[in-house]
Amino acid sequence: MNPSLTEEIKQEVDKRRTFAIISHPDAGKTTLTEKLLLFGGAIRLAGSVKARKASRHATSDWMEIEKQRGISVTSSVMQFDYLGHRVNILDTPGHQDFSEDTFRTLTAADSAVMLIDVAKGVEAQTIKLFQVCRKRGIPIFTFINKLDREGKSPFDLMEELEQVLGIRSVPMNWPIGMGRELCGVYDRMKSQVELFQGNDHSTIEVKKVGDYNDPIIREMAGDYLTDQLISDLELLDVAGDPFDYEKVQAGELTPIFFGSAVNNFGVQTFLENFLQLAPKPTPRNSLSGPVDPTGEKFSGYVFKIQANMNPAHRDRIAFLRICSGRFERGMSVRHVRGKKDIKLSQPQQFLAQDRDIVETAYPGDIIGLFDPGIFRIGDSLSQGSEIVFDELPTFSPEIFAKVTVKNALKHKQYQKGLDQLTEEGTIQVFYSTGNFDETILGVVGHLQFEVFEHRMKAEYGVDILLHRMTFQFARWIIDDKLDPSKFRINSTLVKDKKDNYVVLFENEYAMRTAIDKNPTAKFLETAP
Ligand code: GDP
Numbered sequence: 001m002n003p004s005l006t007e008e009i010k011q012e013v014d015k016r017r018t019f020a021i022i023s024h025p026d027a028g029k030t031t032l033t034e035k036l037l038l039f040g041g042a043i044r045l046a047g048s049v050k051a052r053k054a055s056r057h058a059t060s061d062w063m064e065i066e067k068q069r070g071i072s073v074t075s076s077v078m079q080f081d082y083l084g085h086r087v088n089i090l091d092t093p094g095h096q097d098f099s100e101d102t103f104r105t106l107t108a109a110d111s112a113v114m115l116i117d118v119a120k121g122v123e124a125q126t127i128k129l130f131q132v133c134r135k136r137g138i139p140i141f142t143f144i145n146k147l148d149r150e151g152k153s154p155f156d157l158m159e160e161l162e163q164v165l166g167i168r169s170v171p172m173n174w175p176i177g178m179g180r181e182l183c184g185v186y187d188r189m190k191s192q193v194e195l196f197q198g199n200d201h202s203t204i205e206v207k208k209v210g211d212y213n214d215p216i217i218r219e220m221a222g223d224y225l226t227d228q229l230i231s232d233l234e235l236l237d238v239a240g241d242p243f244d245y246e247k248v249q250a251g252e253l254t255p256i257f258f259g260s261a262v263n264n265f266g267v268q269t270f271l272e273n274f275l276q277l278a279p280k281p282t283p284r285n286s287l288s289g290p291v292d293p294t295g296e297k298f299s300g301y302v303f304k305i306q307a308n309m310n311p312a313h314r315d316r317i318a319f320l321r322i323c324s325g326r327f328e329r330g331m332s333v334r335h336v337r338g339k340k341d342i343k344l345s346q347p348q349q350f351l352a353q354d355r356d357i358v359e360t361a362y363p364g365d366i367i368g369l370f371d372p373g374i375f376r377i378g379d380s381l382s383q384g385s386e387i388v389f390d391e392l393p394t395f396s397p398e399i400f401a402k403v404t405v406k407n408a409l410k411h412k413q414y415q416k417g418l419d420q421l422t423e424e425g426t427i428q429v430f431y432s433t434g435n436f437d438e439t440i441l442g443v444v445g446h447l448q449f450e451v452f453e454h455r456m457k458a459e460y461g462v463d464i465l466l467h468r469m470t471f472q473f474a475r476w477i478i479d480d481k482l483d484p485s486k487f488r489i490n491s492t493l494v495k496d497k498k499d500n501y502v503v504l505f506e507n508e509y510a511m512r513t514a515i516d517k518n519p520t521a522k523f524l525e526t527a528p
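So the sequence shown is numbered by UniProt numbering: it starts at 1 and just counts up by one.
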């Protein structure tokens, strides 16, 4: 034990807040992220996050797809300091085709901010991401955005959260008017009003009041909006859930904040409340039990691998969530799966604008490790005893295609590309068990096929053809008396990379029938 190191790690852990923003595309995630970074002084100009997105497009070849479609394929990490906290924002790809990466990124977060467009309410992508957070039991904070536009009533939105997501909510503030009439919000916790000033909503005035009946509000907001506000808040006081810290920490109650990211309205209050309420880095699960972040020995796991950050090299960056101890540049750690010690000499942290070299980092931080091809998603690194983290969910593919290589002479490059791209974890590969030697790819989102095709050509020089198959479900089958002839109608038997048997089904009916007819067999959604 080294008391001063333990104390140092404890202090650093206490300071940290690592979270992800979950939302449907267009809800305003980029805008909100930018405003948060501005408060932290991590960037000087609004627009830089977008600009960075754009410059990444310009320099990166395979991200052309991203550019053409205007979506964000990759995710990154941004860090800033605010009021004594060190904040790590994990940016998550918003497009549904990239949900696996997003899901994995969520395991690196200790809490989530759910961003919702006031007019659109809870949308498809938000539901999926919410469910992953729910399963992990992390606290979820809600920011209702675009209050400067007409939208759903706050009560309707609370009802929607409950009906669609099954989570109760507690408004931390409440809008005074909405859309063109929006004049501010009432902060229920601090009993103060925050008012927009001027037509461009550019300045904000904060006034402390006794409670929502304080005549100051009436003076500022007028009779109509004040009456509405008072009746809303009275109703909330009587019928709403009280604020319950324990329930928030358990992810059973979501605090709601109202605001407008683009006008920078309500963002600072949100940030300050969030930093107070959000958890510091929490223990992560390993095969030998939870790993306490304040432990002296360094440990972490790789949750994402990103290729071609620099198109001039075929390098990859492995993103590692630090789970315990202190990271120091140049330190030697155990690569548990590879059963060897490696030196972490080129770690990079992803600040708002540039890649910086990290000298030290602590639990809750994300570091990018230069990867010459030794890491896989889920790999654990540790100092001292070998820790194997058990955090990453796996996914059952839903879309399948047969692959053929146009030029047979390129088979070696194809194999290499296939190995590397499947290691990154967005594509699963299966082999047919019949007479034909077929390779089948399985993904969760269609866009992954396009990325695969594009990268095969751009990075490995291999032209491939993908033939979509009609299968929709994959189930790993464990059966002592497996009879392949049973899986011919509306289904097929294949093997995964590790020689496990997998049945692909064309529809739910075929799958149900197979499960009923094979009571002794086990059908698993993911690899055993
Ligand atoms: P993302 O896809 O979630 O990253 O969304 P963006 O941050 O790119 O925002 C999508 C669009 O919504 C952009 O045109 C933003 O300017 C706009 N937007 C973001 N926040 C607000 C807001 O508070 N009010 C209004 N009216 N528009 C907003």
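Cβ coordinates follow ideal geometry from the N, Cα and C atoms, glycine included.
With 16 other Cβ atoms within 10 Å as the buried cut-off, status of residue i
i, result
"ALA250", "exposed"
"ILE9", "buried"
"ARG321", "buried"
"LYS22", "First, the residue type needs correcting, since residue 22 is Ile and not Lys in the sequence shown. It is buried - the Cβ of ILE22 has at least 16 other Cβ atoms within 10 Å."
"SER324", "buried"
"HIS24", "buried"
"GLU246", "exposed"
"ILE89", "buried"
"ILE216", "exposed"
"ALA108", "buried"
"ILE366", "buried"
"GLU64", "For GLU64, the predicted structure reports a pLDDT of 48, less than 50, and the residue's modelled location is therefore unreliable. A value from the coordinates is still provided. Exposed: under 16 other Cβ atoms inside 10 Å."
"residue 533", "Here the chain has residues from 1 to 528 only, and residue 533 is not among them."
"LEU5", "exposed"
"ILE344", "According to the sequence displayed, residue 344 carries Leu and not Ile. That one is buried."
"ARG334", "buried"
"GLN79", "buried"
"HIS467", "exposed"
"TYR212", "buried"
"LYS412", "exposed"
"MET456", "buried"
"VAL206", "exposed"
"PRO372", "exposed"
Residue i - DSSP class collapsed to helix/strand/coil
i, result
"residue 541", "Limits of the chain in this structure are 1 at one end and 528 at the other, which puts residue 541 out of reach."
"MET220", "helix"
"GLY184", "strand"
"HIS85", "strand"
"ALA458", "helix"
"ARG512", "helix"
"LYS208", "strand"
"HIS467", "strand"
"SER286", "strand"
"THR107", "helix"
"ARG334", "strand"
"ASN145", "strand"
"LYS190", "coil"
"GLY417", "helix"
"LEU229", "helix"
"SER345", "coil"
"GLU506", "coil"
Residue of the options minimising C-alpha distance to residue i
i, options, result
"ALA510", "ASN500, ASN490, THR526, LYS497", "ASN490"
"ARG512", "LEU287, THR226, TYR501, GLN472", "GLN472"
"GLN125", "ASP26, LYS495, GLY179", "ASP26"
"VAL267", "ASP499, ARG468, LEU38, LYS120", "LEU38"
"GLU386", "GLU162, LYS457, ARG337", "ARG337"
"ALA119", "PHE130, GLU160, ASP292", "GLU160"
"PRO528", "ALA474, LYS517, PHE319", "ALA474"
"LYS481", "TYR501, PHE103, ARG468", "TYR501"
"ASN518", "PHE487, THR92, GLU398", "PHE487"
"GLY210", "ASP187, SER231, GLY222", "ASP187"
"GLY368", "MET178, THR520, PHE327", "PHE327"
"ALA278", "MET1, VAL13, THR294", "VAL13"
"GLY121", "THR102, SER153, GLN131, THR105", "SER153"
"GLN306", "PRO3, VAL77, THR31", "VAL77"
"VAL405", "GLY84, THR105, ASP463", "ASP463"
"ASN507", "HIS446, GLU525, THR470", "THR470"
"ILE176", "VAL164, GLN163, GLN192", "GLN192"
"PHE449", "SER485, LEU157, LYS402", "LYS402"
Closer than 8 Å is the cut-off here; do at least three beta carbon pairs connect the region 137-146 with the region 107-116? yes
Does the count of Cβ pairs from the region 245-264 and the region 143-155 closer than 8 Å reach three? yes
I want to know whether the region 494-502 touches the region 421-432 - three or more CB-CB distances under 8 Å. yes
When you compare the region 375-383 with the region 412-419, are there three or more beta-carbon pairs, one atom per stretch, that lie closer than 8 Å? Counting Cβ pairs under 8 Å, fewer than three are found: no touch.
Is the region 388-400 touching the region 272-280, taking contact as three or more C-beta pairs under 8 Å? no
So, does the region 167-175 touch the region 231-240, judging by three or more C-beta pairs under 8 Å? Touching, per the Cβ criterion.
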